[in-house]
Each structure stands twice: as C-alpha cells, then as structure tokens.
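S.K.:
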Amino acid sequence: CGILKGEQDGITYYLIDNEYYFKRDSLYGHYDDGERFSYFSKAVLECIPYLDFEVDVLHSHDWHTAMVNFLLREKYQDNPLYEHIKTVYTIHNLQFQGVFPPEVMYDLLELGDEYFHSEQLEFYGNVNFMKGGIIASDQITAVSPTYKEEIQYEFFGEKLDGLLRKNNGKLSGIVNGIDTSVYNPETDSYITAQYDAESLEEKNENKRALQRYFGLPEKEDTPIISMVTRLTKQKGLDLVRTVFREIMEEDVQCIILGSGDSEYEQFFEWMAYEYPEKVKVYIGFNEELAHQVYAGSDLFLMPSLFEPCGLGQLIALAYGTIPIVRETGGLNDTVQSYDEETGEGNGFSFTNFNAHDMLHTVLRAIEFYHDKPVWEQLVKQAMTEDYSWEKSALAYKKLYKSLME
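First residue of the sequence shown: 1, per full-length UniProt numbering; consecutive thereafter.
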C-alpha cells in the first residue's frame with residue numbers, strides 16, 4: 001500500500017492508499033468488509049514508522065478500526081517504536097459490531113487459536129471486532145454520557161453489556177459536536193435568509209420560503225413540525241405512526257425529509273396524500289433542502305428508540321428550531337425540557353417509549369408555541385448555547401493527556 005499525505009486548514013492528514021480495497025462507490029456494506037478493514041487496521045500500524053511524528057495516542061472508532069488497538073496490544077508491544085503508544089476506542093453505535101467468520105481472524109489478521117475464546121475475540125461462534133476494541137483499549141468512550149450508561153444494560157447492550165460493565169472503569173461519555181462552519185444560520189448559504197437570535201424575523205422568512213417550496217399554505221402562526229431522519233425503527237417512527245392522525249387534528253404542518261424502510265416511506269407518502277394541505281414528504285436526501293428545513297421549521301421531532309448521540313437535535317437547536325425528543329442517549333444530554341416555572345430549557349422531552357407520551361409532549365410544545373414571548377425566549381436560549389466541537393475537543397484532549405502522564 002501507499003501513504004498519501006495532505007494538508008487542510010493547518011492539519012496534516014495521512015491516508016492509506018489501496019485502490020483494490022478502497023476505490024468503491026460506498027464506504028462499507030461490501031461482501032469483503034472483514035477483509036478490507038482487517039487490511040486497513042494492519043496498514044495503519046505498519047505505516048507508523050514512516051510518519052513525520054511520534055505517535056502517542058491511537059484513537060480508533062467503531063468496529064471498522066477496532067482491530068488497530070487489538071493488534072497493537074497483541075502483536076506490536078515488544079517493538080520499542082510502539083510500546084509507549086496508548087489507545088482510545090470510541091463506540092458510536094453498539095448495534096454494528098463487525099461480526100465475521102473465524103477465518104477472518106486466522107487468515108487475515110493472522111491470529112491463532114488462543115484468541116478464539118470468550119475472553120478474547122470469540123462471539124457466539126464468530127469473531128467480533130468491536131469486542132476486540134473494548135478489550136484491548138486503554139480508554140473507551142461512548143458518544144454521550146447517557147449512552148455510556150445505557151450500553152451497560154441488557155436492553156441497549158447488544159450482548160456486549162456484560163463486557164462493558166466489566167470494563168466500566170475505563171469507560172466515559174463525551175458528546176459529539178456539530179461543524180458550526182457548516183451549520184450556522186448566520187452564514188448558511190443554503191437558506192433563504194440568514195439570521196441569528198436577535199433577528200428572528202428572518203427565521204420567519206425561511207419558514208415562508210419552506211412553505212412555498214412544498215406548496216403549503218403560508219400560515220405564519222401555524223407551527224411546522226419537521227423530521228430530517230433515516231426512516232427506520234430506531235428513530236421512533238412507530239410512535240409517530242401510532243398518533244399521527246391525532247397530531248393532524250391540530251393546526252400544524254408537517255414536513256418529513258429522509259429515506260429508509262419502505263413501510264415508513266409508504267406511510268408518510270400516504271399521509272401526504274391524505275392531508276395535502278398539512279403534510280409534505282421528500283423521500284431521499286437533499287443537503288440544501290435539509291438546511292432550509294432546519295431553518296424554516298418551528299419544531300423538530302426526534303422520538304428515538306435509542307440515540308447514541310444524535311446530530312439532528314443539535315443542528316435544530318443551532319437554528320432555533322425547538323426539538324421534541326425522547327430522553328435517551330445524547331438526546332437526554334443535549335435537550336433540557338422547558339420548565340415554565342423557571343423559564344429554563346431548550347426543548348421538550350418525554351421519558352417512556354410510548355406514543356401517547358410523545359403526543360402529550362407535542363401538544364405541550366404547540367401550546368407554548370402560541371405564547372409568543374415564552375416561545376421567543378425559548379428560541380433564543382436554544383440558539384445561544386454552544387453546540388460546536390470545542391467542548392468535545394477539550395474533553396478528548398484532557399483524556400489524551402491523562403493517558404500520557
């Protein structure tokens with residue numbers, strides 16, 4: 001393989017160059033993914049002597065690079081060039097673990113029988129890359145503090161909860177951020193009118209533009225509830241489907257942008273047919289339109305079954321579009337339900353995965369939407385918080401430094 005080197009925004013990037021494995025139409029989802037990422041993991045470690053700096057910390061992510069940390073511990077620790085390197089492993093979604101037949105371990109990773117047992121890589125008769133990352137790393141992070149707690153329970157643990165409980169001393173949660181150079185209503189070139197927390201009339205201009213785009217009646221006092229999402233069970237769409245007609249009894253408009261399972265696509269398309277003046281659906285993804293939906297909506301619905309971190313609610317908050325979320329994972333860590341007594345909060349939330357609990361929360365949000373002084377204050381509170389990577393980066397920097405002490 002080759003090593004490519006490039007620089008952008010003052011940061012040097014090194015890339016593994018191999019057209020056979022990586023010149024594909026998509027990053028993953030290929031029949032030979034076990035082989036591709038085994039190769040990549042070995043290549044990362046083999047290229048370290050050729051870099052222009054000394055590696056102190058290796059930080060790998062999800063199952064795709066989990067074996068970097070495992071191979072470092074098992075195959076490279078006797079080499080003086082590697083023995084000081086510490087490792088961090090981040091779990092973005094425990095549901096996807098990189099489970100492959102044992103041959104991947106024997107033939108591609110060149111690991112022997114001693115690694116094929118329950119204390120190592122073996123997982124119900126197969127090999128589990130994510131398990132290797134958890135076992136071998138010096139520190140493990142999940143992408144939110146709540147998700148870090150959830151994955152240690154059976155419901156969220158995907159059969160790795162016992163292993164995570166065993167390793168909870170090296171487990172922490174750090175919330176992701178958003179790229180505020182891309183998602184910033186003050187500078188966003190995709191939206192009709194740029195705005196900030198002190199110029200919310202321009203947000204209303206985005207709302208009118210969104211209504212015109214979809215052919216909805218231009219009603220300024222009718223709240224737009226939007227979802228920009230994968231249309232999958234994880235996203236809580238069974239709750240939405242159960243009470244959708246009850247939501248439609250209210251004076252609301254609803255916009256859905258996303259793609260996924262055909263049962264949900266067909267449901268929302270049918271709702272758009274049944275409620276042509278209230279519901280509009282865009283099946284697929286359109287980056288420019290997504291920005292306009294975030295800017296032009298009033299409420300953003302995200303009732304996930306589970307959500308490791310979630311970015312949709314962070315983008316919505318940055319655009320002053322108030323999220324309605326279920327209290328799970330990163331949604332619980334980033335959305336504080338509005339308290340009418342204190343005036344604190346930046347959204348609305350409900351605890352149980354229950355359709356009528358969600359409906360009650362939607363109705364509560366609509367009620368406050370019509371109290372304009374309260375709503376304007378809520379929008380301003382949402383928009384003035386920091387959702388950038390700055391806080392997350394500082395947390396990771398602190399973690400790296402603790403490993404090097």
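Glycine included, every Cβ here is placed at the ideal spot set by N, Cα and C. Bear in mind that the values here come from a model prediction, so they are computed numbers and not experimental data.
The beta strand (DSSP E) spanning glycine 284 covers which residue range?
M.R.: Numbered from 1 along the sequence shown, position 284 holds the residue referred to as residue 284. Glycine 284 -> no beta strand (DSSP E), and no H or E assigned at all.
S.K.: Quickly, what does DSSP pair glutamate 122 with across the bridge? List them, please.
M.R.: Start at 1 with the first residue of the sequence shown, and residue 122 comes out as number 122. The partner list for glutamate 122 (beta bridge, DSSP) reads Val127.
S.K.: Glycine 320 to aspartate 251, Cα distance in whole Å?
M.R.: Position 320 of the sequence shown, counted from the start, is the residue given in the question as residue 320. Position 251 of the sequence shown, counted from the start, is the residue given in the question as residue 251. Their Cα atoms are separated by approximately 21 Å.
S.K.: Relative to the alpha-carbon of threonine 342, which residue among Val362, Pro101, Leu359, Leu378 has its alpha-carbon at the smallest distance?
M.R.: Within the sequence shown, numbered from 1, the residue matching residue 342 stands at position 342. The candidate whose alpha carbon is nearest that of threonine 342 is Leu378.
S.K.: Does the Cβ of tryptophan 270 have 16 or more other Cβ atoms within 10 Å, making it buried, or fewer, making it exposed?
M.R.: Residue mapping note: residue 270 aligns to position 270 of the sequence shown, counting from 1. Result: exposed.
S.K.: Expressed to the nearest angstrom, what Euclidean distance is found between the alpha-carbon atoms of tyrosine 106 and histidine 30?
M.R.: Residue mapping note: residue 106 aligns to position 106 of the sequence shown, counting from 1. Residue mapping note: residue 30 aligns to position 30 of the sequence shown, counting from 1. Spanning the two alpha carbons is a distance of roughly 20 Å.
S.K.: For the candidate residues Ile256, Ala66, Phe348, whose alpha-carbon lies nearest to that of lysine 280?
M.R.: To locate residue 280, count along the sequence shown from 1; it is residue 280. Closest in C-alpha terms to lysine 280, from the list Ile256, Ala66, Phe348, comes Ile256.
S.K.: Would isoleucine 134 be called buried (16 or more neighbouring beta carbons within 10 Å of its own) or exposed?
M.R.: Looking up residue 134 in the sequence shown gives position 134. Its Cβ being crowded by 16 or more others within 10 Å, isoleucine 134 is buried.
S.K.: Return yes when the Cβ of glycine 236 is within less than 9 Å of the Cβ of serine 259, no when it is not.
M.R.: By 1-based counting over the sequence shown, the position of residue 259 is 259. By 1-based counting over the sequence shown, the position of residue 236 is 236. Not in contact: serine 259 and glycine 236 (Cβ atoms no closer than 9 Å).
S.K.: Tell me whether tyrosine 264 is buried or exposed, calling it buried when 16 or more other Cβ atoms sit within 10 Å of its Cβ.
M.R.: Along the sequence shown, read from residue 1 onward, the residue named residue 264 stands at position 264. The residue in question, tyrosine 264, is buried, as its Cβ has 16 or more Cβ neighbours within 10 Å.
S.K.: Around the Cβ of glutamate 154, are there at least 16 other Cβ atoms within 10 angstroms (buried) or fewer (exposed)?
M.R.: Here the question's residue 154 lines up with position 154 in the sequence shown. Classified as exposed, glutamate 154 has fewer than 16 neighbouring CB atoms from the shown chains inside 10 Å of its CB.
S.K.: What do you get for glutamine 97, buried or exposed, if any count of 16 or more other CB atoms within 10 angstroms of its CB means buried?
M.R.: Here residue 97 refers to the residue found at position 97 when the sequence shown is read from its first residue. Label assigned to glutamine 97: buried.
S.K.: In terms of residue numbering, what span does the alpha helix (DSSP H) encompassing isoleucine 151 cover?
M.R.: For this step, residue 151 is matched to residue 151 along the sequence shown. Isoleucine 151 -> no alpha helix (DSSP H), and no H or E assigned at all.
S.K.: Go ahead and label histidine 291 buried or exposed: buried means 16 or more other beta carbons lie within 10 angstroms of its beta carbon, across all protein chains shown.
M.R.: Locating residue 291 in the sequence shown gives position 291, counting from the first residue. Classification of histidine 291: buried, given that the 10 Å Cβ count is 16 or more.
S.K.: For methionine 130, is the classification buried or exposed, using 16 other Cβ atoms within 10 angstroms of its Cβ as the cut-off for buried?
M.R.: Counting from one through the sequence shown, the residue named residue 130 turns up at place 130. Counting Cβ neighbours within 10 Å, methionine 130 comes out buried, since at least 16 surround it.
S.K.: Measuring only the C-alpha atoms, how far is leucine 111 from arginine 165?
M.R.: The count along the sequence shown starts at 1 and reaches residue 111 at position 111. The count along the sequence shown starts at 1 and reaches residue 165 at position 165. Looking at the backbone, the Cα of leucine 111 and that of arginine 165 are separated by about 26 Å.
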